[in-house]
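Reading through the structure tokens given below for one structure.
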Amino acid sequence: MSSNIRTGNIRTRAVLDRETSLRYWLTVIAQDRGAVPLTSRLDVYVEVEDENDNIPLTFEPVYYSNIPENSPEGTTVVKMEAFDLDVNPDQRISYHVTAGDPQGYFSLDSATEDKVLKVGDCVLAATTNVTQQEESARCMACFNSNKSLGFDLCTSISDNPRNPSK
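Sequence positions in the sequence shown follow this note's numbering and run 457 to 622.
Structure follows, in structure tokens:
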């Protein structure tokens, strides 16, 4: 930071980033031009306001889960977690399934804000003779702005011989 020697205006010399430094304490000395200069000292506190300049990050780049076939509606598939380095308490992370679920098998439990992906209104069942099939979904975590991060979910649906397909 620099100050104008004539006006006392303090200006930044570089871009300030809250994630680098939250605050600055500056000491300013005012001095007159007398034969014997007199001075006074002033402390200036500068707090950097946060800007939504970081995308949310997930704790895992890919989430893997394994659920039995014919799992009932509401079965938890995976609990996802994301965080954001921005410090705005009014912003919450929201989650959206953006690809890989054309049948609508999955739903996000948005009512509880638990970040839980659940089996939706269709019961998953193996449609072939293979014992395992995979559903992949592309998920997105985002703030209520245009900052977002995509991450992958890979769910294995295992054959359950005690619960035959209908």
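Positions of the beta carbon are idealized from the N, C-alpha and C atoms, including for glycine.
According to DSSP, residue i sits in a beta bridge with which residue or residues?
i	result
Glu537	DSSP lists no partner for Glu537.
Ala486	Ser496
Pro512	DSSP, once it has assigned bridges, lists no residue as partnering Pro512.
Val502	Tyr480
Measuring alpha carbon to alpha carbon, tell me which of the options ends up nearest residue i.
i	options	result
Tyr501	Thr483, Asp509 and Thr476	Thr483
Thr468	Val518, Glu503, Leu498 and Ser496	Glu503
Glu525	Leu472, Ala470, Tyr561 and Thr554	Tyr561
Glu516	Lys535, Glu507 and Thr531	Lys535
Leu472	Gln559, Thr495 and Asp509	Asp509
Asp488	Gly464, Thr476 and Thr514	Gly464
Trp481	Gly556, Ile466 and Ser527	Ile466
Phe539	Ser527, Ala555, Pro558 and Pro512	Pro512
Is residue i near residue j, with beta carbons less than 8 Å apart?
i	j	result
Arg479	Glu505	no
Does DSSP put residue i in a helix, in a strand, or in coil?
i	result
Arg462	coil
Ile523	strand
Arg469	coil
By Cβ distance below 8 Å, which residues in the same chain neighbour residue i in space, the five residues on each side in sequence not counted?
i	result
Val543	Arg474 and Asp506
Asp577	Only weak support is given to the placement of Asp577: the predicted model assigns it a pLDDT of 37, under 50, and the question is left unresolved by the model.
Val558	Contrary to the premise, residue 558 reads as Pro rather than Val in this sequence. None.
Ser494	According to the sequence provided, residue 494 is Leu. The question's Ser does not apply to it. Here the set comprises Gln487 and Asp488.
Ser477	Val504
Thr584	Confidence at Thr584 is low in this model, with a pLDDT of 28, below 50, so its placement is unreliable and the value that follows should be read with caution. Result list for Thr584: empty, nothing under 8 Å.
Once you ignore the five residues that flank residue i on each side, which residues in its own chain have a CB closer than 7 Å to its CB?
i	result
Arg497	Thr483 and Ile485
Leu541	Glu475 and Asn510
Gly490	none
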